[in-house]
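One structure is given below, encoded as structure tokens.
Numbering (this note's numbering), first residue to last: 32 to 715.
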């Protein structure tokens, strides 16, 4: 029987002894804690050197490889020198493989999990291999080494900074005399006076990150306030450690340590066992040896959920003031507006358009029935529609790209464009090409939401019924049917309404679209026309989706009472003055979405927990971990409209409200249209 002894600088409270079979050989493993006393560790080493076939060193500084710097800590070298005739290892060779594999395994298993995450390393030198692997998925890498080494409240913000820091400080940190000086410094009253301030700053850094990398001993200082909802990458997660994470509401733990006899063991133990089993020194072990053992034993990282499955993804969404009136509601501009003439507010409106983007609101509490969650940020750019349209597209592009950089720094994995920011120039295509994270305009869900709202409104008004086919027993018209949004609406309405009428000036395109819809939806009754004049008075529902802003596309006085008109064009096809002329007709501008979960978000002009469909699209994609450019440009794919609708249902999205030019419709609004329509159609 071969014997492996692990000498730990940790507590002797966790000492154990076990016997096991390993690589076809009998082993006895003994763990001895020295309670942080280096002299005791030396004495234990001296007492076990005769019986041990290999020795592991635990809870002590590894021999780190950081960039080109090879670091050997004097305490570790001192213990190694106590037993020059026996294999001694900290587990550095195997640990590097398991650490890197933990990252790659999690990214593969969960898909895009680490994309753009803010990751804080409590010891960057110890986690360098993890940092290298994570750098393929995120640039938001932060290192707390200056805090813990010297009490300097500053984070390193890149791998290159960590390498430069290591090169600069290694001669100090890893020389025997310097170690003693630093230990004495940490015990001085002056250092202790500043310790609370430094600790508070580090706690804030932990709270602002999404992933924390560190040993259990480094994590013990933090509470639920900092660790709640976070992912932790660490090792040797026993049941008691898992209970500790559970009490601090940690969302997920990635444990890269190997297991033996139903318990996690130190990587130093496993490497010492490999060394003894193969009769090789740690220096003689290579990647092939480690890979062989990993495959034979089935070792793999563990992904643990202390409080049940919980995954939190992140998004950003760009908003802007929709008018000068919106600016007057924001302190201190509300005071400026109250004491200033209109000319001053005009100048303010122009000036605000040049302000850099800023976070208007943190968004949290969105929870899908699947167990997935998202959090995000509403980022404001200052231009009103008037100012956005007064500048060339590059003016807005630059502000959107600045917003994207801010979103990336915050850790967002996808960004949506709201209101007029998504119609400028080529409707998001250029921004997506230049942005450091995926972009969507939200127009797919906007189109879906508008039709969803139209169908709901038609049912609530009660002028049409559902036929035997399951479709609405009525007629629907799509104006601008050959356009990007119009063709999508026509395809969807063909599945939901008995008869559809498609209107557009391009006769050949209309015929081709009609043929495509009839093949796609057998039994659909499709009519085509170049203008609305002939068929408009018979319609129960009308969708306008033209690109002819400013042109009158239909005569609203010819629409029959009780008709539901959905205006999905931006800018709107039907002006507010036309809407006011027909109180017996319901003109819908959009359908809002009820978000799932106890949503926390600042006021965006909608009831609590309700979002515009374009914002909801960004949230749905984040919940689904679809971090990709989804809806861009003016050519909306109807398959994506259908897909985002289905994904929305999967994640608990519901139609919350139906809006018109004057805001959300109330039940009194629907009743008014019902009554006026009934009155207008009564026999004389």
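The beta-carbon is built from N, C-alpha and C at its ideal position, and this holds for glycine as well.
- Message: Taking its Cβ as the centre, do 16 or more other Cβ atoms sit within 10 Å of residue 461, making it buried, or is it exposed?
- Response: Buried, by the Cβ-count rule.
- Query: Pairing CB atoms from the stretch 288-306 with CB atoms from the stretch 116-129, are three or more of them under 8 Å?
  - Reply: In short, these stretches touch, since the Cβ pair count reaches three.
- Task: Below 8 Å on the Cβ atoms is my guess for residue 385 versus residue 413; work out the distance and round it to an integer in Å.
- Result: Sure, about 7 Å apart at Cβ, within 8 Å.
- Task: List the whole-angstrom C-beta distance separating residue 531 from residue 542, where the pair is believed to meet the contact cut-off of C-beta under 8 Å.
- Result: Actually they do not touch by this definition, with Cβ atoms about 14 Å apart.
- Task: Taking only the alpha-carbon atoms, compute the straight-line gap between residue 664 and residue 428 and give it to the nearest angstrom.
- Result: Straight across, the Cα-Cα distance linking residue 664 with residue 428 is about 14 Å.
- Query: If we count the other Cβ atoms within 10 Å of its Cβ and call it buried at 16 or more, is residue 225 buried or exposed?
  - Reply: Here the model assigns residue 225 a pLDDT of 49, short of 50, so the residue's position is not dependable and the matter cannot be decided.
- Message: Please classify residue 144 as buried or exposed, where buried requires at least 16 other C-beta atoms within 10 Å of its C-beta.
- Response: Buried: at least 16 other Cβ atoms inside 10 Å.
- Item | Backbone CA spacing between residue 695 and residue 195 [nearest angstrom] | If you take the alpha carbons of residue 695 and residue 195, they lie about 57 Å apart.
- Residues that DSSP places opposite residue 305 in a beta bridge: Per DSSP, none; premise fails for residue 305.
- Message: As an exercise, report each continuous alpha helix (DSSP H) stretch of at least 4 residues that is fully enclosed by the stretch 639-695, in chain order.
- Response: Here the runs fully enclosed are 644-654, 669-681.
- What span of residues does the beta strand (DSSP E) with residue 344 cover, start to end? Per DSSP, residue 344 belongs to the beta strand (DSSP E) from 342-350.
- Under the three-state DSSP convention, the category residue 632 falls into: In the structure shown, residue 632 sits in coil (DSSP, three-state: anything other than H, G, I, E or B).
- Report the option in 131, 557, 467, 619 whose CA atom is closest to the CA atom of residue 576. Among 131, 557, 467, 619, the Cα nearest to that of residue 576 is on 619.
- Query: I think residue 489 touches residue 598, with their Cβ atoms under 8 Å apart; what is that distance to the nearest whole Å?
  - Reply: Taking the Cβ atoms as the reference, residue 489 lies roughly 15 Å from residue 598, outside the contact range of under 8 Å.
- Message: Could you tell me the alpha carbon to alpha carbon distance between residue 152 and residue 236, rounded to whole angstroms?
- Response: Roughly 10 Å separates the two Cα atoms.
- Quick one: residues in its chain with C-beta nearer than 7 Å to the C-beta of residue 553, no 5 flanking neighbours on either side, listed in chain order? Answer for residue 553: no residue qualifies.
- Who pairs with residue 59 in a beta bridge, going by DSSP? 34, 50, per the DSSP bridge assignment.
- Message: For residue 640 and residue 687, what's the separation of their Cα atoms in angstroms?
- Response: If I take the Cα positions, the gap works out to 9 Å.
- Beta-carbon proximity check, residue 274 vs residue 337, cutoff 9 Å: In this structure, residue 337 lies closer than 9 Å to residue 274 by Cβ.
- Item | Bridge partners - residue 575, DSSP secondary structure assignment | Bridge partners of residue 575: 510, 598.
- Using 8 Å as the Cβ pair cut-off and three pairs as the minimum, do the stretch 469-477 and the stretch 495-507 touch? With the cut-off at 8 Å, the stretch 469-477 and the stretch 495-507 do not touch.
- Determine the DSSP secondary structure at residue 261, reduced to helix, strand or coil. Three-state DSSP puts residue 261 in coil, outside helix and strand.
- List in chain order: all unbroken beta strand (DSSP E) runs of 3+ residues lying wholly within the stretch 73-145. Here the runs fully enclosed are 85-89, 95-97, 100-102.
- What are the boundary residues of the alpha helix (DSSP H) that includes residue 464? First-last of the alpha helix (DSSP H) with residue 464: 460-465.
- Secondary structure at residue 586, three-state DSSP: helix, strand or coil? Of the three classes helix, strand and coil, the one that applies to residue 586 here is coil, per DSSP.
- Determine, using beta-carbon pairs with one atom in the stretch 641-659 and one in the stretch 618-633, whether at least three such pairs fall under 8 Å. With a cut-off of 8 Å, the stretch 618-633 and the stretch 641-659 count as touching, because enough Cβ pairs lie within range.
- Task: Classify residue 319 as buried or exposed, calling it buried when 16 or more other Cβ atoms lie within 10 Å of its own Cβ.
- Result: It counts as exposed.
- Query: Among 163, 697, 249, which one has its Cα closest to the Cα of residue 637?
  - Reply: Closest by alpha carbon: 697.
- Message: Quick check on DSSP: helix, strand or coil for residue 403?
- Response: Shown here, residue 403 sits in a strand according to DSSP, grouped into three states.
- Kindly confirm or deny that the stretch 449-463 and the stretch 135-150 touch, where touching means at least three C-beta pairs closer than 8 Å. Contact between the stretch 449-463 and the stretch 135-150 is not established, with fewer than three Cβ pairs separated by less than 8 Å.
- Grouping DSSP H, G and I as helix and E and B as strand, with all else coil, what is residue 605? DSSP, reduced to helix, strand and coil, places residue 605 outside both helices and strands of the structure shown, so it counts as coil.
- Closest residue to residue 583 among 593, 631, 566, 610 (Cα-Cα distance): Closest by alpha carbon: 610.
- Please say whether residue 595 and residue 562 have beta carbons closer to each other than 9 Å? No, they are not a contact pair.
- Task: Let me know the alpha helix (DSSP H) ranges lying completely inside the stretch 270-329, each 4 residues or longer, listed in chain order.
- Result: Complete alpha helix (DSSP H) runs here, min 4: 270-278, 298-309, 318-328.
- Message: On the DSSP bridge list, what partners appear for residue 591?
- Response: Residue 591 has no beta-bridge partner at all, per DSSP.
- Task: Leaving out five residues on either side along the sequence, give the residues of the same chain with a beta carbon under 8 Å from the beta carbon of residue 614.
- Result: Within the same chain, residue 614 has close Cβ partners 703, 704, 707.
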